[in-house]
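In our numbering, the protein residues as written are 13 to 431.
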Amino acid sequence: MLELAAGFICLTALLTYVNYRFIGLPPTIGVMVTALMFSLLLQGLSFLGYPGLEDRVQQLIGQIDFGDLLMNWMLSFLLFAGALHVNLGDLRSYRWPIGLLATFGVLIATTVIGALAYWIFALFGWHVSPLYCLLFGALISPTDPIAVLGVLRTANASKPLKTTIVGESLFNDGTAVVVFTVLLGIAQLGETPTVGETALLFVHEAVGGVLFGGLIGYAVYLMIKSIEQYQIEVMLTLALVIGGSAMASELHVSGPIAMVVAGLIIGNLGRNLAMNDMTRRYMDGFWELLDDMLNALLFALIGMELLLLPFSWQHLIAASLLAVAILLSRFVTVAPAILLLRRWRKVPHGTIRILTWGGLRGGVSVALALALPTGPERDLLLSITYIVVLLSILLQGLTIGKLVNAVTRAPQAKEPAEH
Numbered sequence: 013m014l015e016l017a018a019g020f021i022c023l024t025a026l027l028t029y030v031n032y033r034f035i036g037l038p039p040t041i042g043v044m045v046t047a048l049m050f051s052l053l054l055q056g057l058s059f060l061g062y063p064g065l066e067d068r069v070q071q072l073i074g075q076i077d078f079g080d081l082l083m084n085w086m087l088s089f090l091l092f093a094g095a096l097h098v099n100l101g102d103l104r105s106y107r108w109p110i111g112l113l114a115t116f117g118v119l120i121a122t123t124v125i126g127a128l129a130y131w132i133f134a135l136f137g138w139h140v141s142p143l144y145c146l147l148f149g150a151l152i153s154p155t156d157p158i159a160v161l162g163v164l165r166t167a168n169a170s171k172p173l174k175t176t177i178v179g180e181s182l183f184n185d186g187t188a189v190v191v192f193t194v195l196l197g198i199a200q201l202g203e204t205p206t207v208g209e210t211a212l213l214f215v216h217e218a219v220g221g222v223l224f225g226g227l228i229g230y231a232v233y234l235m236i237k238s239i240e241q242y243q244i245e246v247m248l249t250l251a252l253v254i255g256g257s258a259m260a261s262e263l264h265v266s267g268p269i270a271m272v273v274a275g276l277i278i279g280n281l282g283r284n285l286a287m288n289d290m291t292r293r294y295m296d297g298f299w300e301l302l303d304d305m306l307n308a309l310l311f312a313l314i315g316m317e318l319l320l321l322p323f324s325w326q327h328l329i330a331a332s333l334l335a336v337a338i339l340l341s342r343f344v345t346v347a348p349a350i351l352l353l354r355r356w357r358k359v360p361h362g363t364i365r366i367l368t369w370g371g372l373r374g375g376v377s378v379a380l381a382l383a384l385p386t387g388p389e390r391d392l393l394l395s396i397t398y399i400v401v402l403l404s405i406l407l408q409g410l411t412i413g414k415l416v417n418a419v420t421r422a423p424q425a426k427e428p429a430e431h
């Protein structure tokens, strides 16, 4: 295990350096691109008759349980760190579009993508059951803010846009995991529960996650408030994430949702009422560093997974069609929520376009695909998911900044309330 961790951390550090020194892409996207280039280089050497290095790296990457690593460990840290820096007042101001997109938006996207996936798979002669198509819809629905946030920081994006993108992605990860868990349970049991049973399970996971996250977040806030020692206060937040995630799993409530709620409490109540300036500085530095390091490891791992998954031209074509279908479903979920919001407040120009194109897919989707039961449907959906994620990060992630700048430069005189 030590050799595995050491090897992968060293490789990630090298890829991060290469991107920063020579390529200059946004950090997370750049790490993934350099990892892809490294993977292709290894495959090229293997094709030329030098398979030793590729075999060694495949052995290294193959020992990593990507699904368990991300869903049970990294995701909790990433969501807590993300929520820690979200202003609760801003989140409350845009609660309606965020709430609609993170709940009904996920459910609608799951259904629309599932239906389109069933049709596209049939075009290629792949017999995938409707339930597994819905599972694909659920696992590909969550948006990943990590890659796009670095671009938005340098682009001229408005606060409403940034808040909506971050807020939605923090909560829709948890919602999508709950929906996926419910559908996966149905697939594994082979029985179709009633609507009431399904709704009860969903409420138990989601609402239970909110309540549990609020409870442990407030408890740690009170502990931080009672002392003036930044080392202990930072350690308490670390214990909150590790212990809280383990307890959420035992209680069968949503750990991701719990970590978002706990992060919001510590980042707002804790920051404003319980921490002095020194604690805030060290707390922010610790979690920003941990967030950046975990993101680098995650996106390097996504790039290196290329060495382990089987692909074909049919997979690439089908995934490209599905990427278009996913963008369509994204528009279908975003447009009604934003148009409804227009009735009560002014909406920044180009919001629908930016939210649609800014809905990147990322590591959560790959991790959920890895959680599917072993079988031919899993192999197909995993390959398709991986290609869709790569296309999303590379195409949308590298162009969202240009779209934001182009939209915000549009003449104010021509600016409609929204379109």
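Ideal placement from N, C-alpha and C gives every residue a C-beta, glycine not left out.
Whole-Å CB distance - residue i paired with residue j, under 8 angstroms assumed
{"i": "L119", "j": "V191", "result": "7 angstroms"}
{"i": "I76", "j": "L313", "result": "7 angstroms"}
{"i": "I277", "j": "G179", "result": "Actually they are not in contact, since the Cβ atoms of I277 and G179 sit about 15 angstroms apart, beyond 8 angstroms."}
{"i": "V346", "j": "N168", "result": "Not a contact, Cβ separation roughly 20 angstroms."}
{"i": "G282", "j": "Y233", "result": "5 angstroms"}
{"i": "D303", "j": "A93", "result": "4 angstroms"}
{"i": "L143", "j": "A199", "result": "5 angstroms"}
{"i": "Q353", "j": "W108", "result": "Checking the displayed sequence, the identity of residue 353 turns out to be Leu instead of Gln. Their Cβ separation, rounded to whole angstroms, is 6 angstroms, which keeps L353 and W108 in contact under 8 angstroms."}
{"i": "G256", "j": "I228", "result": "5 angstroms"}
Burial state of residue i, where buried means 16 or more other Cβ atoms lie within 10 Å
{"i": "S332", "result": "exposed"}
{"i": "Q408", "result": "buried"}
{"i": "N307", "result": "buried"}
{"i": "S324", "result": "exposed"}
{"i": "N284", "result": "exposed"}
{"i": "T386", "result": "exposed"}
{"i": "H361", "result": "buried"}
{"i": "C145", "result": "buried"}
{"i": "P423", "result": "Annotation note: pLDDT 43 at P423 (below 50); position unreliable, coordinate value reported separately. Exposed, since its Cβ has fewer than 16 Cβ neighbours within 10 Å."}
{"i": "M247", "result": "exposed"}
{"i": "L212", "result": "exposed"}
{"i": "F136", "result": "exposed"}
{"i": "D432", "result": "Since the first and last residues shown for the chain are 13 and 431, residue 432 lies out of range."}
{"i": "S395", "result": "buried"}
{"i": "S153", "result": "buried"}
{"i": "F34", "result": "exposed"}
{"i": "Y62", "result": "exposed"}
{"i": "G36", "result": "exposed"}
{"i": "W299", "result": "buried"}
{"i": "K174", "result": "buried"}
Limits of the unbroken alpha helix (DSSP H) element including residue i
{"i": "A80", "result": "The amino acid occupying residue 80 in the given sequence is Asp; Ala does not appear at that position. Here the alpha helix (DSSP H) through D80 covers 78-81."}
{"i": "I278", "result": "Here I278 belongs to no alpha helix (DSSP H), and DSSP marks it neither H nor E."}
{"i": "T345", "result": "325-353"}
{"i": "M295", "result": "289-316"}
{"i": "I412", "result": "412-420"}
{"i": "D102", "result": "100-105"}
{"i": "S88", "result": "87-96"}
{"i": "G256", "result": "242-263"}
{"i": "I405", "result": "Careful: I405 lies outside any alpha helix (DSSP H) and carries neither H nor E."}
{"i": "V359", "result": "Unbroken run through V359: none, as it is neither H nor E."}
{"i": "R33", "result": "Careful: R33 lies outside any alpha helix (DSSP H) and carries neither H nor E."}
{"i": "G387", "result": "First-last for G387: undefined, no H or E at that position."}
{"i": "T123", "result": "116-135"}
For the region 399-416 against the region 318-336, are there 3 or more C-beta pairs whose distance is under 8 angstroms?
yes
Is the number of C-beta pairs between the region 80-91 and the region 367-380 that are closer than 8 angstroms three or more?
Output reads yes: the region 367-380 touches the region 80-91.
Answer yes if the region 255-269 comes into contact with the region 179-188, meaning at least three C-beta pairs across the two stretches below 8 angstroms, and no otherwise.
Contact holds: three or more Cβ-Cβ distances are below 8 angstroms.
Does the region 240-251 come close enough to the region 284-294 to have 3 or more Cβ pairs within less than 8 angstroms?
yes
Between the region 207-225 and the region 249-267, do three or more beta carbon pairs fall short of 8 angstroms?
yes
How about the region 40-60 and the region 339-355: do they share at least three Cβ pairs that are nearer than 8 angstroms?
no
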